[in-house]
Amino acid sequence: MLVSKLKTLITMKNTIKYIVVILAFMAVSCVDDFLDRPPQDQLTIDMFYNSPEELRMATNALYNVVWFDWHDKAKMGIGEGAGGNYLTNDGEFRIFFQFSVTGEHARMTEAWRSLFNVVAQSNMVIYGVSNADSDNITQADKNRALAEARFMRAASYLQIVTTWGAVPIIEDNLAFVEDYVIPRNRVEDIYEFIIRDLEFADEHLSETSPAGRLTKWSAKGMLARVHLYAAGVGQSGSRDATHLSKAREYAEAVINESGLNLMPDYADLFRVENDNNPESLFALQWVDKGAGWGVQNTLQAYLAPEGRIAGVGDGWGGSTGASYDLQQLYQEGDQRRKPTIMFYGDHYPELMREEGGYHYELQSFAGSAVKKYVIGGPNDVDVTVSFMSTPQNTYMLRLAEVYLIAAEAILGNNASTSDGDALAYYNAVRERAGLDPQNVITFDDIFREKRIELAFEGRLWYELVRWHYFAPAAAINYISNQNRGHFSWDEENWYVDPENDLFIVPTDDHFTMPFPSAEVSRNPLLLEEPVAYNFSN
1091 MLVSKLKTLI TMKNTIKYIV VILAFMAVSC VDDFLDRPPQ DQLTIDMFYN SPEELRMATN
1151 ALYNVVWFDW HDKAKMGIGE GAGGNYLTND GEFRIFFQFS VTGEHARMTE AWRSLFNVVA
1211 QSNMVIYGVS NADSDNITQA DKNRALAEAR FMRAASYLQI VTTWGAVPII EDNLAFVEDY
1271 VIPRNRVEDI YEFIIRDLEF ADEHLSETSP AGRLTKWSAK GMLARVHLYA AGVGQSGSRD
1331 ATHLSKAREY AEAVINESGL NLMPDYADLF RVENDNNPES LFALQWVDKG AGWGVQNTLQ
1391 AYLAPEGRIA GVGDGWGGST GASYDLQQLY QEGDQRRKPT IMFYGDHYPE LMREEGGYHY
1451 ELQSFAGSAV KKYVIGGPND VDVTVSFMST PQNTYMLRLA EVYLIAAEAI LGNNASTSDG
1511 DALAYYNAVR ERAGLDPQNV ITFDDIFREK RIELAFEGRL WYELVRWHYF APAAAINYIS
1571 NQNRGHFSWD EENWYVDPEN DLFIVPTDDH FTMPFPSAEV SRNPLLLEEP VAYNFSN
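Each residue of the sequence shown is one higher than the one before, starting from 1091 at the first, in our numbering.
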């Protein structure tokens, strides 16, 4: 009898604790067909997981608000600034491409908090769904929700491990609340953890889903990326053949079996009316901030070079643009350039439509401006645009990247390849851009194409980190040869003045960002050597 009462008390205590954790990590609700869910003050574990619809609502916040603090500024600073694509005279972002960021910087704290919030929210869903007991839901229903949550946890941990390296693996929110002074886990174990989550997602997600929701192809595409990254962990010069084979297997499954296709016109990828198009495998699903702060896409506010483009009080990107190094990579006729970067004299009829379009003529520190994710104002698009808010999706994984992953996996550890499949995948991306096909490709070719294809989508730094895994000297040399200097204007054209050149030689330590100082104070074990993760728990 006493044992029974104790068990009941322990169960009640754990339930109460978990509700506290839910309240701590519960994201702002979103009033939208895609992100609609009951008010928080009406939520209990029992009612929240009482039908397939409520299971679906349980994962809604995983598609936007929990990512907000990472996406708002840190994503561009780390992914594009440190990578060498993003040029600005804004001190908050210059420190990234100058490799002078410290753990005191707000962007580090925001990124850490946001990405681990994704982990915590995913854990919460996993706990709640696993313990749901309702006659109205089947195990298949539960597995689909678990698959979404485990995919999101994996996606966040991939961002985390390629930002900070070895970090703690947190599966149990309750245990973490009880004791948050825990050791870091090894990078190879984090990748294994990510792969296990994604394999579960691959098994239980459907081949089709409502617009914007994850599918089996999302999981396979992410597995292709993860195996390509993991292939270099702990290696020297060459990469692990098993991981490369898996990367090819998953990438080709998406390419050959999904029925998905590249959008015919690259520019159309970044028109808000084409959100959730057939090339989008995983995208953050933003809505207007009227649904609550943190559910919106803020990129236009920071990137639009002039306030008159949207006319809503933001547009602070006048001294922000593409680095000289990135600009020099574009070949003549590359149709990706104009939808990605504004050059002096470019005309955009889709912006400021009522005035005949927008003509870019700013004299900018960067000699350019970022066009990608700049969609215009309320009169330009059939969605709500307001101050620091658009509902445009943010791509997290596109089919074009999967094509390039497949090509690279086939190349493997070879210096070059003329393999027919590798060339077909690689040239599909180039031909969409209006470029001639190649007959032989190298790692450098594929890396260049990926950099151009995904410019300002937050991917470059993470590609450099995974290159550094197996070829540190090559990754350091690549960055060292990037001109990160700014432009000058002579009343006729932009030019690079040698006096403004900036070449930075990173060290191996620069390939992991500093831990937020506040997190180190709370958990000093972050500074200790990582340990193996116990997968048997």
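A virtual CB, placed ideally from N, CA and C, is assigned to each residue, including glycine.
Item: Does DSSP classify L1371 as helix, strand or coil?; Value: strand
Item: Could you name the residues that DSSP lists as bridge partners for S1479?; Value: S1476
Item: Going straight from the alpha carbon of I1399 to that of L1494, what length do you get?; Value: 34 Å
Item: Among the candidates M1214, N1517, N1469 and Y1485, whose CA atom is the shortest distance from the CA of R1549?; Value: Y1485
Item: Where does H1195 fall in DSSP's three states?; Value: coil
Item: What does the Cβ neighbour count give for D1472, buried or exposed, with the cut at 16 atoms within 10 Å?; Value: exposed
Item: Quick check on Y1153: buried or exposed, where buried means 16 or more other Cβ atoms within 10 Å of its Cβ?; Value: buried
Item: Could I get the ranges of all uninterrupted alpha helix (DSSP H) runs contained in the region 1157-1245, with 4 residues as the minimum, in chain order?; Value: 1181-1187 and 1196-1220
Item: Which residues share a DSSP beta bridge with I1531?; Value: T1507
Item: Is the CB-CB distance between F1537 and K1462 below 7 Å?; Value: no
Item: Please tell me whether E1553 and V1519 are closer than 7 Å, where the distance is taken between their beta carbons.; Value: no
Item: Counting C-beta neighbours from all protein chains within 10 Å, is the total for G1169 16 or more, i.e. buried, or is it exposed?; Value: buried
Item: Could you check if E1498 is buried or exposed, using at least 16 other CB atoms within 10 Å of its CB as the buried criterion?; Value: buried
Item: Would the beta-carbon of R1488 fall within 7 Å of that of E1369?; Value: yes
Item: So what's N1351 in DSSP terms, helix, strand or just coil?; Value: coil
Item: Taking DSSP as the reference, what is the three-state secondary structure of F1625?; Value: coil
Item: Are there 16 or more other CB atoms within 10 angstroms of the CB of L1288, so buried, or fewer, so exposed?; Value: buried
Item: Cα-Cα, which of L1304, D1279, I1280 and P1300 is closest to A1291?; Value: L1304
Item: Where does N1179 land, buried or exposed, given buried means 16+ other C-beta within 10 angstroms?; Value: exposed
Item: Which residue comes first and which comes last in the beta strand (DSSP E) that contains A1412?; Value: T1410 to A1412
Item: Terminal residues of the continuous beta strand (DSSP E) containing L1487?; Value: T1484 to R1488
Item: Output the boundary residues of the alpha helix (DSSP H) element that contains N1263.; Value: N1263 to E1268
Item: So, at 7 Å on beta carbons, what are the nonlocal neighbours of A1505 in its own chain, with the 5 sequence-adjacent residues on each side left out?; Value: T1532
Item: Does the beta-carbon distance from A1265 to T1149 come in below 7 Å?; Value: no
Item: Please check the pair V1323 and E1261, which I expect to be a contact at CB under 8 Å, by giving their CB distance rounded to whole angstroms.; Value: About 21 Å separates the two Cβ atoms, so there is no contact after all.
Item: Applying the 10 Å Cβ sphere with the 16-neighbour rule, what's the burial state of V1475?; Value: buried
Item: Kindly indicate the opening and closing residues of the alpha helix (DSSP H) around I1285.; Value: V1277 to H1294
Item: Around the C-beta of P1258, are 16 or more other C-beta atoms found within 10 angstroms, so that it is buried, or is it exposed?; Value: buried
Item: Touch check for the region 1198-1211 and the region 1245-1258: three-plus C-beta pairs under 8 Å?; Value: yes
Item: With the cut-off set at 7 Å, would you say P1429 and Y1356 are in Cβ contact?; Value: yes
Item: Please list, in chain order, all residues of the same chain as N1517 whose beta carbon is under 7 Å from its beta carbon, the five residues on each side excluded.; Value: P1527 and Q1528
Item: Taking contact to mean at least 3 C-beta pairs separated by less than 8 Å, is the region 1221-1237 in contact with the region 1159-1174?; Value: no
Item: Buried or exposed: P1620, going by 16 or more other Cβ atoms within 10 Å of its Cβ?; Value: buried
Item: Excluding five sequence neighbours on each side, which residues of the same chain lie with their C-beta closer than 8 Å to the C-beta of V1271?; Value: R1612, N1613, P1614 and L1615
Item: For the 8 Å Cβ check, are there 3 or more pairs between the region 1155-1169 and the region 1313-1329?; Value: no
Item: Tell me, please, whether the CB atom of S1348 is closer than 7 Å to any CB atom in chain E?; Value: The question asks about chain E, but that chain is absent: this structure has only one protein chain.
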